[in-house]
Structure formats: structure tokens, C-alpha cells
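*Asks:*
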Amino acid sequence: MKKNLIRRTALVVAAGAASLVLAGCGSGDGTSGAHDGHGSSSSASSSAPAPRGQHNAADVAFAKGMIPHHRQAVEMAGLATGRAESAEVKKLADEIRKAQDPEIRTLSGWLTSWGEQGPAEGAMDHSMHGSGGMMTPEEMGSLKKASGEAFDTAFMEMMIKHHEGAVAMAKTQKADGAFPQAMTMADAIITSQTAEIATMNGLLRKS
Numbered sequence: 001m002k003k004n005l006i007r008r009t010a011l012v013v014a015a016g017a018a019s020l021v022l023a024g025c026g027s028g029d030g031t032s033g034a035h036d037g038h039g040s041s042s043s044a045s046s047s048a049p050a051p052r053g054q055h056n057a058a059d060v061a062f063a064k065g066m067i068p069h070h071r072q073a074v075e076m077a078g079l080a081t082g083r084a085e086s087a088e089v090k091k092l093a094d095e096i097r098k099a100q101d102p103e104i105r106t107l108s109g110w111l112t113s114w115g116e117q118g119p120a121e122g123a124m125d126h127s128m129h130g131s132g133g134m135m136t137p138e139e140m141g142s143l144k145k146a147s148g149e150a151f152d153t154a155f156m157e158m159m160i161k162h163h164e165g166a167v168a169m170a171k172t173q174k175a176d177g178a179f180p181q182a183m184t185m186a187d188a189i190i191t192s193q194t195a196e197i198a199t200m201n202g203l204l205r206k207s
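Here you go:
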């Protein structure tokens, strides 16, 4: 009797365990399905592979707008090497190039990670010329023809306007953006370029 009772008890326990395993599998399938659905909806959105809610349309606009903006500043700064007369202007141009070149790479990396197409290398968004502090082709042409003290003055006047545009773009990012690293970059742009504007204004007053 005892042996039969033990055998029956073991069978009941085994059956119960089996039902729990089956229930667990069923529950796991349901959960997995929910995660798969969430994953596909994330990858279908513009935020892949970043977690949902980590960036928004304002972050994308900031990156897409700031890349050509920075590229033009780097191009302008490159002209100072052979054309500027003032050591202060040459130093400032070098600092601008060193700060903005890495930011271009960072911005491009964000767009790639978000599944967004960034501006092509060497491409300029001509719709931005004259807005956001961007120089027009005519202004860039005149800067390329200048040298010496005339270059220094033109460079600083144009770069002040350019920096003011970047600061405005960064403030828009701070107001509307969501991506933490973009907010940090916006803060850095506001701080560094506001300081450079003050430096250039000071140099212009001395000239």
C-alpha cells in the first residue's frame, strides 16, 4: 500500500511539474512575441537601434543642419592658414577646426545609428545659405580672395555671424531635442562659440 501511495504521489508531482513547464513555455512564447513586436516597431521607427524615446525629430534636424554648418566653418578656418595676418586669428581658426571636425564625425555617427541619411561629404545645403549664419557662395568667394588684414576683418565678421547661427541652432536643440548627447553638444556649442564671438568682437574693436 505504501509503495502504491508513493508511486501515485510521484506521478501526481511529475504531472504537476509537467503542466507548470508547459504553462511556462506558453507564457514565454507570449512574452517573446510581445518583445519581438516591440523590437520590430522600434526598428521600423527612425530611432533604431537606439531605445525608443531617446531621440526625436528635433535631434535629427539638429544633426542634419549642424553638419554642413560645421563643414563651412572648418572650410573658412582652413583659409586662415595661408591668408590671415593676425596670430590671434590664426590661433582662433585652428581652435575652430579642432573643435568642429570631431563634432562633424559625432553628428554623422548619430545619424547613422538612427538609420538617417546624413549630408554627403563635400555637399552643401544651398537652401541654408543666408540662414543660420551660413555664408552665401558670394561671401565665401570674397573671403577666398582676401588676404592679410582685410582677410582677418572679413573672417571675423563672417565667423561671428556664422557662430551666432550655430548658437541659435543649439538653443533650438536645447528647447526641442531629447537625445542626451545632442543636448550636451548643444551646451558645448553655446558656451564655446559665445566665448569665441566675444573674442572676435574684442579683436575687431582693436583693429
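Each step along the sequence shown adds one to the number in the UniProt record's numbering, with nothing skipped, and position 27 is 27.
We put the beta carbon where it would ideally sit given N, CA and C, even for glycine.
In whole angstroms, what separates the C-alpha of G165 from that of D187?
*Replies:* Cα to Cα, the separation comes out at about 14 angstroms.
*Asks:* Going by Cα to Cα distance, which pick from E85, L204, I104 is closest to M159?
*Replies:* Comparing Cα positions, the closest option is L204.
*Asks:* Check this for me: beta carbons of A84 and K90, under 7 angstroms apart or not?
*Replies:* Going by C-beta atoms, A84 is nearer than 7 angstroms to K90.
*Asks:* To the nearest angstrom, how far is the alpha carbon of S142 from that of D176?
*Replies:* Taking the straight line from one Cα to the other gives about 36 angstroms.
*Asks:* Name the residue from S108, R105, A77 whose alpha carbon lies nearest to the alpha carbon of A154.
*Replies:* The candidate whose alpha carbon is nearest that of A154 is A77.
*Asks:* Three-state secondary structure (DSSP) at A146?
*Replies:* Coil, per DSSP.
*Asks:* According to DSSP, is A178 helix, strand or coil?
*Replies:* In this structure, A178 counts as coil in the three-state DSSP scheme.
*Asks:* For a quick check, are the C-beta atoms of G65 and M140 less than 7 angstroms apart?
*Replies:* It is not a contact, given that the beta carbons lie outside the stated cut-off.
*Asks:* Around the Cβ of R71, are there at least 16 other Cβ atoms within 10 angstroms (buried) or fewer (exposed)?
*Replies:* By the neighbour-count rule (16 or more Cβ atoms within 10 Å), R71 is buried.
*Asks:* Which of helix, strand or coil does DSSP assign to A93?
*Replies:* A93 falls in the helix class under three-state DSSP.
*Asks:* Residue range of the alpha helix (DSSP H) that G82 falls in?
*Replies:* Its alpha helix (DSSP H) spans residues 57-83.
*Asks:* Using the Cβ count rule (16 or more neighbours within 10 Å means buried), how would you classify Q54?
*Replies:* Exposed.
*Asks:* Below 8 angstroms on the Cβ atoms is my guess for L92 versus T199; work out the distance and round it to an integer in Å.
*Replies:* Yes, they are in contact, since the Cβ atoms of L92 and T199 sit about 7 angstroms apart, within 8 angstroms.
*Asks:* Please go through the same chain and pick out, in chain order, the residues whose beta-carbon is closer than 7 angstroms to the beta-carbon of L79, but skip the five residues on each side of it.
*Replies:* Same-chain partners within the cutoff: L143, K144.
*Asks:* On the premise that L111 lies in contact with A57, defined as a C-beta separation below 8 angstroms, what is that separation, rounded to the nearest angstrom?
*Replies:* Not confirmed; about 13 angstroms, so no contact.
*Asks:* Please report the distance separating the alpha-carbon of M135 from that of K161.
*Replies:* Approximately 9 angstroms between the Cα atoms of the pair.
*Asks:* Contact check, S113 vs I67 under 8 angstroms by CB: the rounded distance?
*Replies:* No, S113 and I67 are not in contact; Cβ-Cβ is about 14 angstroms, not under 8 angstroms.
*Asks:* Apply the 10 Å Cβ neighbour rule to G82 and answer buried if 16 or more other Cβ atoms are within range, or exposed otherwise.
*Replies:* Its Cβ having fewer than 16 others within 10 Å, G82 is exposed.
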